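Accompanying notes for the structure given below.
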Amino acid sequence: MLRHALKPALKRGALIAAANWQVALVQATADSLFKVLIAAPIVGGIFLVALAVGADPRSLIVLEWRELTGTIISALLSQPLVLTAFLLAVGVVAVGGSLFTFLIKAGTVAVLVRSDRDAGPIEHPPLHVDAVARAGRFSIDYYIEASRSLYPRYARLGFGLMFVYLASGAAYLGYLIANRSGAGGWALTAVVTTSFVSWITLVNFVYLLVQIVIAADDSSVAAACRRVAMFIRHEKRDVSAVFMVVLALVILATGASLLAAAALGLVAFVPFFGLAALPLQLAAWLVRALVFQYLGLTSIGAYLRLYRDFSLEGRLKPDRKSTRL
Numbered sequence: 002m003l004r005h006a007l008k009p010a011l012k013r014g015a016l017i018a019a020a021n022w023q024v025a026l027v028q029a030t031a032d033s034l035f036k037v038l039i040a041a042p043i044v045g046g047i048f049l050v051a052l053a054v055g056a057d058p059r060s061l062i063v064l065e066w067r068e069l070t071g072t073i074i075s076a077l078l079s080q081p082l083v084l085t086a087f088l089l090a091v092g093v094v095a096v097g098g099s100l101f102t103f104l105i106k107a108g109t110v111a112v113l114v115r116s117d118r119d120a121g122p123i124e125h126p127p128l129h130v131d132a133v134a135r136a137g138r139f140s141i142d143y144y145i146e147a148s149r150s151l152y153p154r155y156a157r158l159g160f161g162l163m164f165v166y167l168a169s170g171a172a173y174l175g176y177l178i179a180n181r182s183g184a185g186g187w188a189l190t191a192v193v194t195t196s197f198v199s200w201i202t203l204v205n206f207v208y209l210l211v212q213i214v215i216a217a218d219d220s221s222v223a224a225a226c227r228r229v230a231m232f233i234r235h236e237k238r239d240v241s242a243v244f245m246v247v248l249a250l251v252i253l254a255t256g257a258s259l260l261a262a263a264a265l266g267l268v269a270f271v272p273f274f275g276l277a278a279l280p281l282q283l284a285a286w287l288v289r290a291l292v293f294q295y296l297g298l299t300s301i302g303a304y305l306r307l308y309r310d311f312s313l314e315g316r317l318k319p320d321r322k323s324t325r326l
């Protein structure tokens with residue numbers, strides 16, 4: 002029974018993502034811009050710490066991440082003015098960049114919802130390329146319209162996510178500061194780090210489902226949260242199976258990208274051939290970004306299939322009249 006529901010959901014998600022390949026490009030561009038924006042104040046923070054403690058920035062960058070985190074935190078806490086400037090810079094960039102990504106994600110999910118609604122049973126054989134192509138629903142006008150309509154709700158949901166991130170990150174950093182000397186042992190640190198990563202992964206999973214339900218049902222954030230709770234409770238096996246498959250694919254893709262980066266790093270040291278390393282690295286970065294975006298869009302399509310089947314069973318009572326985009 003589980004395999005019967007899992008394979009069609011993943012296949013449909015992959016086909017819908019392929020039919021709307023434009024949103025993968027939009028998402029990859031938006032995520033890359035956000036990462037660049039976040040990296041700017043962090044790198045600036047390293048130079049601020051170097052100036053505050055009178056150290057060479059290069060000596061800080063080569064530190065192991067745990068030592069670098071502890072050094073930066075200690076230096077910033079001892080310099081209130083520097084700490085304030087650093088927090089303001091990170092806060093402004095994080096909030097502004099997040100609002101931008103919320104806007105982009107609203108249009109992305111709306112396009113996939115519309116495609117899923119109009120595509121028909123494309124996951125059932127025989128597979129026709131023209132049928133998959135007809136499932137594409139991306140257009141600039143619709144993307145802008147959907148983003149504008151969903152953005153207020155996605156922004157409210159996103160601020161809730163940011164609050165959870167902030168509270169979780171503060172708790173984790175508090176632990177790192179309290180155990181800078183390693184008194185708790187590496188095993189305990191590894192357990193805490195694994196628990197933190199697992200918690201953030203779970204939060205992102207629920208956050209994605211709420212985004213999907215908001216766009217699929219045109220519901221409020223509160224109503225979407227209630228529906229997601231019902232959806233997970235009744236379809237936990239199928240939802241968990243899709244989650245685990247997508248997570249395994251992401252882990253495999255991450256491992257492959259790390260191996261490719263290591264190989265390109267070795268090529269960079271070879272005379273003459275090292276000149277080709279930069280374009281190859283840029284190409285690998287682009288492929289990596291698109292692959293991860295495609296996997297994310299595939300998961301959205303798969304969850305949409307499961308949620309649509311669940312909704313058709315009549316277990317959900319609409320809170321208000323839905324106005325489809």
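In the working numbering, the protein residues as written are 2 to 326.
Heads up, the beta-carbon is just placed ideally off N, CA and C, and yes, glycines get one too.
Fair warning: this is a prediction, and the values are worked out from it, not measured in the lab.
query                                                                                                                               : result
Alpha carbon of residue 302 to alpha carbon of residue 211, nearest angstrom                                                        : 14 angstroms
Local Cβ density within 10 Å of residue 252, reported as buried at 16 or more and exposed below that                                : exposed
Residue span of the alpha helix (DSSP H) that contains residue 128, given as start and end                                          : It is not in any alpha helix (DSSP H) - residue 128 carries neither H nor E in the DSSP assignment.
Element boundaries [alpha helix (DSSP H), containing residue 234]                                                                   : 222–235
When 79, 89, 124 are compared against residue 12, the one with the closest alpha-carbon                                             : 124
Exposed unless 16 or more other CB atoms sit within 10 angstroms - verdict on residue 43                                            : exposed
Identity of the residue in 307, 20, 132, 162 nearest residue 100 by Cα                                                              : 162
Contact check, residue 102 vs residue 25, beta carbons under 7 angstroms                                                            : no
8 angstroms CB neighbourhood of residue 164 in its chain, flanking five on each side removed                                        : none
Burial state of residue 213, where buried means 16 or more other Cβ atoms lie within 10 Å                                           : buried
Whole-angstrom distance between residue 45 and residue 28, CA atom to CA atom                                                       : 26 angstroms
Residues of its chain near residue 17, where Cβ-Cβ distance is below 7 angstroms and the 5 sequence neighbours each way are ignored : 113, 116, 117, 120, 136, 302
Pair within 7 angstroms by beta-carbon distance, residue 95 and residue 147                                                         : no
Assumed close pair residue 258, residue 289 - CB separation to whole angstroms, cut-off 8 angstroms                                 : 5 angstroms
Residue 153, enclosing alpha helix (DSSP H) - first and last residue                                                                : 141–179
Where residue 238 sits in the DSSP three-state scheme                                                                               : helix
The alpha helix (DSSP H) enclosing residue 191, as first and last residue numbers                                                   : 187–218
Contacting residues, own chain, Cβ-Cβ under 6 angstroms from residue 295 (five flanking each side not counted)                      : 18, 25
Pair within 7 angstroms by beta-carbon distance, residue 328 and residue 6                                                          : The requested residue 328 does not occur in the structure, where the chain is confined to residues 2 to 326.
Exposure label - residue 138; buried when at least 16 CB within 10 Å                                                                : buried
Short Cβ contact (7 angstroms threshold) for residue 255 with residue 15                                                            : no
Beta-carbon gap between residue 197 and residue 98 smaller than 7 angstroms                                                         : no
Closest residue to residue 92 among 143, 130, 40 (Cα-Cα distance)                                                                   : 40
Inter-residue spacing [alpha-carbon to alpha-carbon] between residue 245 and residue 231                                            : 20 angstroms
Contact set for residue 21: own chain, Cβ-Cβ below 7 angstroms, skip 5 residues either direction                                    : 112, 113, 116, 137, 138, 139
Close-in-space but distant-in-sequence residues of the same chain around residue 33 (CB under 7 angstroms, 5 per side omitted)      : 290
Assigned secondary structure, residue 9 (DSSP; H/G/I helix, E/B strand, else coil)                                                  : helix
CB of residue 107 within 7 angstroms of CB of residue 152, strictly                                                                 : yes
When 141, 262, 195 are compared against residue 287, the one with the closest alpha-carbon                                          : 262
Contacting residues, own chain, Cβ-Cβ under 6 angstroms from residue 208 (five flanking each side not counted)                      : 162
Span separating the alpha-carbon of residue 86 from that of residue 158                                                             : 28 angstroms
Cβ-Cβ separation, residue 243 to residue 10 (assumed contact under 8 angstroms), whole Å                                            : 6 angstroms
Rounded C-alpha distance that separates residue 88 from residue 310                                                                 : 45 angstroms
Rounded straight-line distance, which links the Cα of residue 215 to that of residue 105                                            : 15 angstroms
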